[in-house]
Amino acid sequence: MQTSILSRLLRSLGNVFGSQPSVEIDAGAKVPVPEKIIGLQPAVDSEAEAKMAALDKTLAIIEFDTSGNILHANANFLEVMGYTLAEVKGNHHSMFVSFEYSKTSTYRDFWLRLAEGKPFSDEYKRIGKNGREVWIQASYNPVLAPNGHVQKVVKFATDITQEKTLNLDLAGQIDAINRSQAVIEFDLQGNILAPLQSFKFQAI
Numbered sequence: 001m002q003t004s005i006l007s008r009l010l011r012s013l014g015n016v017f018g019s020q021p022s023v024e025i026d027a028g029a030k031v032p033v034p035e036k037i038i039g040l041q042p043a044v045d046s047e048a049e050a051k052m053a054a055l056d057k058t059l060a061i062i063e064f065d066t067s068g069n070i071l072h073a074n075a076n077f078l079e080v081m082g083y084t085l086a087e088v089k090g091n092h093h094s095m096f097v098s099f100e101y102s103k104t105s106t107y108r109d110f111w112l113r114l115a116e117g118k119p120f121s122d123e124y125k126r127i128g129k130n131g132r133e134v135w136i137q138a139s140y141n142p143v144l145a146p147n148g149h150v151q152k153v154v155k156f157a158t159d160i161t162q163e164k165t166l167n168l169d170l171a172g173q174i175d176a177i178n179r180s181q182a183v184i185e186f187d188l189q190g191n192i193l194a195p196l197q198s199f200k201f202q203a204i
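Just so you know, our numbering puts 53 at position 53 of the sequence shown, and the rest follows in order with no gaps.
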């Protein structure tokens with residue numbers, strides 16, 4: 001649901017940005033990169049700025065250079081992560097992930113592929129200030145310069161920590177029940193679908 005929200009919000013810029021480079025927000029959905037376009041008539045510029053202002057109020061937005069260093073973050077992003085702009089600007093994105101993950105080839109490849117123009121969209125576990133766990137639904141979007149090279153990466157995100165925590169808690173409770181109770185699943189015809197280890201068959 002969160003990716004659809006991101007897609008709808010960003011797709012609303014389409015009438016303004018026309019044929020500008022697009023980015024993939026979720027499967028099959030491409031929307032224009034929300035960069036200011038030079039040379040458009042004032043009325044269109046004004047509309048673009050108004051839509052960008054609306055996105056800025058709604059989404060958590062952060063910008064990086066192609067190596068992952070933080071260029072700017074809006075108020076929503078800073079609130080979600082618990083930092084001020086002075087605390088994050090100039091630092092690397094790795095401040096938001098665990099030290100172990102930041103040293104993996106997966107993480108290095110993530111930034112290499114972004115620098116090559118590959119967008120990413122998914123649910124991500126991140127680390128806020130003081131080690132607080134934060135879950136976001138986010139889209140990392142490479143922004144192209146006129147020469148076709150990636151000049152920066154813009155991330156649009158929404159905070160899903162509460163929803164994700166609830167889902168994980170429910171999954172944990174269900175797992176605990178499965179391990180402590182005799183549980184077995186049947187289809188509508190009475191055929192066994194999934195007997196669990198704790199279930200013991202006996203003659204009745």
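Yeah, the Cβ is synthetic: ideal placement off N, Cα and C, and Gly gets one too.
Run of the beta strand (DSSP E) containing residue i, from where it starts to where it stops
i    : result
A157 : V150 to D159
Same chain, Cβ closer than 6 Å to residue i, neighbours up to 5 away in sequence not counted
i    : result
N74  : D56 and I61
K164 : W135
W111 : G68
K155 : I62, A138 and Y140
Y124 : I136 and A138
Backbone secondary structure at residue i - three-state DSSP
i    : result
V16  : Only weak support is given to the placement of V16: the predicted model assigns it a pLDDT of 40, under 50, and the value that follows is read from those uncertain coordinates. V16 falls in the helix class under three-state DSSP.
A203 : The pLDDT assigned to A203 is 44, lower than 50, so where the model puts this residue is not dependable, and the model offers no usable value.
L166 : helix
Contact set for residue i: own chain, Cβ-Cβ below 8 Å, skip 5 residues either direction
i   : result
H92 : S67, G68, N69 and I70
L85 : H72, A73 and L78
Short Cβ contact (8 Å threshold) for residue i with residue j
i    : j    : result
K129 : Y83  : yes
V134 : V88  : no
V97  : R126 : yes
A115 : V143 : no
F77  : K152 : no
Close beta carbons around residue i, own chain, < 7 Å, minus the five adjacent residues each side
i    : result
P146 : none
Entirely enclosed alpha helix (DSSP H) segments - the stretch 48–136, minimum 4 residues: Considered as a whole, the stretch 48–136 harbours 75–81, 85–88, 99–102 and 105–115 as its complete alpha helix (DSSP H) runs of no fewer than 4 residues, in chain order.
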